[in-house]
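Here's the structure we're looking at; comments come further down.
Numbering (this note's numbering), first residue to last: 1 to 516.
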């Protein structure tokens, strides 16, 4: 697991609790009486559990001093059946992140290293698992992530009656069986199979592999037989780029025509709208750098033909609208930002909704301001990037996207896109299945708030923000196929600075047509 902006903040919160020498809700499988009593002085983070007033409560996000109750807030009362759930860190699918020397781990965190699963016994950073028998890591088991399905197609666009070869020998794991559904009613088995299609058309091929432990994995692709043409990609590949990376070379050496620069906010807390580049953010507190600091790098990219969008917000970061009390004033501030960088794209990545100093109507003022801005400048692109679970976007926590979007509709703000952040799930891995289920759940929600739009139109306004540190290039390729088939708006991964060697950009750029 590579260190990310979220990891740093989560670990900082956990460390505060450890240093306070107060028992934080353990994530191991225990009974209700084994959870610590809630304490108003303790810092809790998402997933921590406590006992309060005879019930077990689980924190949805970072909190300190908020008394557990059933109303809106950071605590959720667990049903009796939930009290004995397995440790979220037990990873039912057997997948654990690789150990990383720069990441902070706390008790019960699990990683994979040198073919084994290791569990942290206490706070640690930089201590290699297995380096010492007296160290912070305990060996749990041999690491078995389960099977990984993969196959190649000899000809993705054959003529009717021409046999093609499907080769699954690249699948990983102790594979016991290969089951194929060839999309025309034919089902077969085998590591390598051949098949011919009698009629023109597009056929979805699905492969499911099973290992000797009964674990399965699936993948698929579409072949186009005869004169049937694959759909032309018309989405955009818009990776995020951070100011803390090598902005120029780290962008120009990748296969990307546009980026979203991250992050602009207002950390001054001076009562005025004072945007700047956010830096060194830590649980809601950020430093701020002048907007001019990265102006030359952005201009260099633009001179080289790179389209640069601006992202406002970031994990627990104060947004530009935090000190706004007038939509017109905020609209002018947004316009000034766009003019300062000759940009036409504003990405709102508001993950600061639980800030105790934040006005309750901030998102309403912001939506009014953005609606005014789009009325004045219909050519600009405005979208929301919001938190998600495998079930879709949410209406709670740091980034209640459903709340933001419902109000945008009320305010008359025409959003160009909605991008679920399909990353850092609490209890499930980020893989093709959980990413696409989050996207499908998002479309189901959008059907409720945009009842006049067709399903195709809704897919056309959905983007996706996966985390490059949690997916593979195979998953990226499957995601490109999925996004293309659904006619999605964008693929905007976090973050370009971690695309070492440009392998992900080479895959994701295939989603973008030459004239986008």
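For every residue, glycine included, the Cβ atom is placed at its ideal position computed from N, Cα and C.
Burial state of residue i (16 or more Cβ within 10 Å)
| i | result |
| --- | --- |
| residue 470 | buried |
| residue 463 | buried |
| residue 287 | exposed |
| residue 280 | exposed |
| residue 265 | buried |
| residue 29 | Residue confidence is low: residue 29 scores 32 on pLDDT, short of 50, so the model does not pin down where it sits. No coordinate-derived value is stated. |
| residue 495 | buried |
| residue 269 | exposed |
| residue 431 | buried |
| residue 45 | buried |
| residue 250 | buried |
| residue 185 | exposed |
| residue 58 | buried |
| residue 122 | exposed |
| residue 512 | buried |
| residue 498 | buried |
| residue 132 | exposed |
| residue 299 | exposed |
| residue 242 | buried |
| residue 454 | exposed |
| residue 101 | exposed |
Contact under 8 Å by Cβ, residue i with residue j
| i | j | result |
| --- | --- | --- |
| residue 135 | residue 113 | no |
| residue 349 | residue 397 | no |
| residue 343 | residue 308 | yes |
| residue 205 | residue 216 | no |
| residue 228 | residue 168 | no |
| residue 441 | residue 417 | no |
| residue 393 | residue 386 | yes |
| residue 160 | residue 223 | no |
| residue 103 | residue 478 | no |
| residue 147 | residue 108 | no |
| residue 492 | residue 472 | no |
| residue 373 | residue 328 | no |
| residue 225 | residue 200 | yes |
| residue 354 | residue 61 | yes |
| residue 171 | residue 474 | no |
Nearest residue (CA-CA) to residue i, options the options
| i | options | result |
| --- | --- | --- |
| residue 366 | 376, 407 and 394 | 407 |
| residue 244 | 274, 213, 487 and 278 | 278 |
| residue 282 | 322, 351, 374 and 260 | 351 |
| residue 164 | 153, 171, 174 and 172 | 153 |
| residue 142 | 119, 155 and 188 | 119 |
| residue 54 | 225, 425, 499 and 38 | 38 |
| residue 337 | 375, 357, 273 and 391 | 273 |
| residue 356 | 375, 438 and 317 | 317 |
| residue 360 | 372, 389, 328 and 404 | 404 |
| residue 197 | 173, 158 and 180 | 158 |
| residue 96 | 78, 76, 117 and 105 | 117 |
| residue 289 | 299, 296 and 275 | 275 |
| residue 295 | 166, 455, 341 and 489 | 341 |
| residue 347 | 261, 292 and 332 | 261 |
| residue 414 | 258, 324 and 377 | 377 |
| residue 345 | 138, 362 and 370 | 370 |
| residue 400 | 139, 363, 375 and 426 | 363 |
Supposed close pair residue i, residue j - CB separation, criterion 8 Å
| i | j | result |
| --- | --- | --- |
| residue 476 | residue 507 | 4 Å |
| residue 445 | residue 411 | At roughly 18 Å, the Cβ-Cβ gap does not stay under 8 Å, so residue 445 and residue 411 are not in contact. |
| residue 483 | residue 235 | 6 Å |
Jot down the residue ranges of each uninterrupted alpha helix (DSSP H) in the stretch 332-405, minimum 4 residues, whole runs only, in chain order.
Complete alpha helix (DSSP H) runs here, min 4: 362-376.
Could you name each continuous alpha helix (DSSP H) segment of 4 residues or more that falls completely within the stretch 401-467, going from the start of the chain to the end?
Runs of the alpha helix (DSSP H) inside the stretch 401-467: 401-411, 432-449 and 455-459.
4 or more residues per run - each alpha helix (DSSP H) lying fully within the stretch 259-335:
Runs found: 295-303.
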